[in-house]
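Be aware that the sequence shown starts at 1, since it is given in UniProt numbering, and climbs by one per residue.
Built from N, CA and C at the ideal position, the CB exists for glycine as well.
In this text the structure is predicted, and so the values were computed from the model without any measurement.
Scroll down for the structure; my scribbles are underneath it.
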Amino acid sequence: MAKKNGASLLVDCLEAHEVKYIFGVPGASVMPILDVLRDKGPAFVVCRHEQNAAFMAQAWGRLRGEAGVCMATVGPGATNLVTGVATATADRDPLVAIAGQTPRSEQWQTRHQNIDEARMFDPITKMSLQVNAAEAIPEIIASAFRTAETPRQGSAFLAFPKDVLDAAVSAKPVVRSICDHAGDADEEEIERASALVLRAKRPVLLVGVGASDKRSTRAVRAFMETTGIPAVGTFEAAGVVGKSLVDQFLGRVGLASEEPGDAALHDADLVITVGYDAVEYAPSMWAGRARIIHINRLAAEVDAAYDPSSELVGDISHTLHRLQKAIGEKRWKLSARAERARQKLVAEQRQGTAMSGTHIHPARIVAELRKALGDHDLLISDVGAHQLWLAREFFTFQPRTLLFSMGFQTMGVALPWAIGARLAEPHRKIISCSGDGSFLMSAMELETAVRLKLPFVHCVWRDGTYNLVEIQQIAQYGRTSGTAFGNPDIVAFAKSFGATGLRVNHASGLASAFSRALKVRGPVIIDIPVDYRYNAGLLGKGGLFGGRSVD
């Protein structure tokens, strides 16, 4: 019986790891893999740019909790993957990236498309290496998936020289082995933390991306319900706090300096961080005089602003249950300042429903989006000014149903994320949103969506500027520079790909547009003219994101 080659073994390993899709762009160096995929293995989703292939794989990883897989050819194919791979790592999403590489015998020379890919990807991944022996493919693939899928989740990159893919092998796949649960926090630390909580008069939970899995979400909700302690959340922790606890939820933090969540953090004498990751919201932006209890699967990254009085390192669900038991029956109430801030936010959200006009108030768009989607449906945000309003106004009560890129804040993610999300979650309604600035950064993937007949709705909030930069320029310099651009006819653009294109000309048309679009059996682009005059009001005294300049 003839031996199979490295490419065939690689595909067998991906099958053993239950990979359903590989997102990528073809090339000569990965032809051995593509040839095998013609006969067996995961479906190969042909994309129009490698960066977007990585974004699609990232969305799969976030929603399924298992690494999405993307693939590119050698040289420029690999370099095009970089931003997508870096985004997955910074956003804490599991991803395995594969790229072709020149034959090993040529790598010491300056040759066509030859670049040290493993070294290039090393700073932006959890694992990056070149596979130099075909027989080692099973162990390396298993290690890549394990590395990508264990906390902190992120990217693994593997370069495959063409001669390794062509080499004869006899090895067999290694079945994945993933550790699902961390150990328990130290008992003495539980006692120390419970004493801190019992002494606190104004404790607040700061919930982060690490608490957005199902088990941790249930534990956070049980802890809040029993103790009455209010919570704020980072963008990527959206949905962790349930609908029945809405009166204890003070909104999202990381947006501006005068939001209800910020008021709660500033007024707190104890902040209990649960699954918090500094990549989302730097401690220097929120940590004040309050003591901190750190609850996470990983130890705290200590700095001048973030130096916990107690660290409970271990399984988040178990830790919260034990801490709740140690606290007993004591309950807390919102501080007067936090309650006023919460009521203000609720009032402003209600006002959004009444906003009308031909250039539409962002709050009205968000209000209509909330009506159009169910609790388990998906809303996907790109990066831009629209993100501020979605984060502030769109309340969701199921984890991982409102998706942001906050670790890397990469523009252009929304449309490819919607494609990956539709394949990962075929039975949910999906609406994605981008500004007109970020839309054209990945709009070529509209062809991919049409080809695959994927039903989802993508809204383009159109104002003709990079407004998130513009409002910061005005705040700092009193004028703008380099932020204006033109647009194609977005409806005609969508139709040129074979997609459905709609335009909303007045706020009163939003509801019917969303209703119509969600019934179409294919991708729909909705052009929405937006009035961003109110954006500067979100800045507050500290500016956006605590005074940090963002793109």
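| Item | Value |
| --- | --- |
| At the level of alpha carbons, what is the spacing between P42 and T448? | 17 Å |
| Who are the near neighbours of E18 in its chain, counting only those whose CB is closer than 7 Å to its CB and skipping five residues on each side? | none |
| May I have the straight-line CA-CA distance separating T125 from V45, to the nearest angstrom? | 23 Å |
| Determine the DSSP secondary structure at V530, reduced to helix, strand or coil. | strand |
| What three-state label does DSSP hand I474 in the structure shown? | helix |
| Label A304 either buried or exposed according to how many other C-beta atoms from any shown protein chain fall within 10 Å of its C-beta, with 16 as the threshold for buried. | exposed |
| Measure the C-alpha to C-alpha separation of N535 and E259 and round it to an integer number of angstroms. | 14 Å |
| Only counting runs of 4 or more residues, tell me where the alpha helix (DSSP H) segments fall wholly within the segment 457-529, in order along the chain. | 467-477, 490-496, 510-517 |
| Is it true that the segment 215-232 meets the segment 317-326, where meeting means three or more beta-carbon pairs spaced less than 8 Å apart? | yes |
| To the nearest angstrom, report how far apart S515 and A185 are at their CA atoms. | 48 Å |
| Can you give me the Cβ contacts of L452 inside the same chain, cut-off strictly under 6 Å, excluding the 5 residues immediately before and after it? | none |
| Taking the alpha helix (DSSP H) that R392 falls in, what are its first and last residues? | 385-393 |
| Going by other Cβ atoms of all chains shown within 10 Å of its Cβ, with 16 needed for buried, is Q51 buried or exposed? | buried |
| Quick one, are the C-beta atoms of S216 and R400 less than 7 Å apart? | no |
| Would you identify the three-state DSSP class for A87, choosing helix, strand or coil? | Rather than Ala, the amino acid found at residue 87 in this sequence is Thr. Helix, per DSSP. |
| Using 8 Å as the threshold, is the segment 102-120 in touch with the segment 142-149, meaning 3 or more CB pairs across them? | no |
| In this structure, does DSSP put N52 in helix, strand or coil? | helix |
| The beta strand (DSSP E) spanning R252 covers which residue range? | 249-252 |
| Evaluate the contact criterion for the segment 285-302 versus the segment 168-175: three or more CB pairs, one atom per stretch, below 8 Å. | no |
| State buried or exposed for R297, treating a residue as buried only when at least 16 other CB atoms are found within 10 Å of its CB. | buried |
| Please go through the segment 400-456 and give each complete beta strand (DSSP E) segment of 3 or more residues, from N-terminal end onward. | 430-435 |
| Drop a sphere of 10 angstroms on the beta-carbon of E162, count the other beta-carbons inside from all chains shown, and report buried for 16 or more, exposed for fewer. | Checking the sequence shown, residue 162 turns out to be Lys, not Glu. By the 10 Å Cβ count, K162 comes out buried. |
| Spatial neighbours of E311 within its chain, please: C-beta separation below 7 Å, excluding the five flanking residues on both sides. | E189, H294, A299, A300 |
| Under 7 Å between the Cβ atoms of L14 and I137? | no |
| Could you give the distance in angstroms between the alpha-carbon of L245 and the alpha-carbon of Q476? | 38 Å |
| Classify V175: buried if its beta carbon has 16 or more other beta carbons within 10 angstroms, exposed otherwise. | exposed |
| Give a yes or no on whether the C-beta atoms belonging to G530 and I292 are separated by under 7 Å. | Rather than Gly, the amino acid found at residue 530 in this sequence is Val. Not a contact, by the Cβ cut-off of 7 Å. |
| State the beta-bridge partners of E311 as determined by DSSP. | H294 |
| Between R499 and I525, is the Cβ-Cβ spacing less than 7 Å? | According to the sequence as given, residue 499 is Ala; it is not Arg. Yes, the pair counts as a contact, with Cβ atoms nearer than the cut-off. |
| In whole angstroms, what separates the C-alpha of R202 from that of A391? | 25 Å |
| May I have a chain-ordered list of the beta strand (DSSP E) segments no shorter than 3 residues that lie completely inside the segment 300-350? | 310-313 |
| Distance check for T483 and Q101, CA to CA, integer angstroms please. | 39 Å |
| Should A347 and E393 be called a contact, given that it needs their Cβ atoms to be closer than 7 Å? | no |
| May I ask which residues mark the beginning and end of the beta strand (DSSP E) holding A231? | 231-233 |
| With a 10 Å radius around its C-beta and 16 neighbouring C-beta atoms as the bar for buried, classify P76 as buried or exposed. | exposed |
| Do you know how far the Cα of R62 is from the Cα of R462? | 28 Å |
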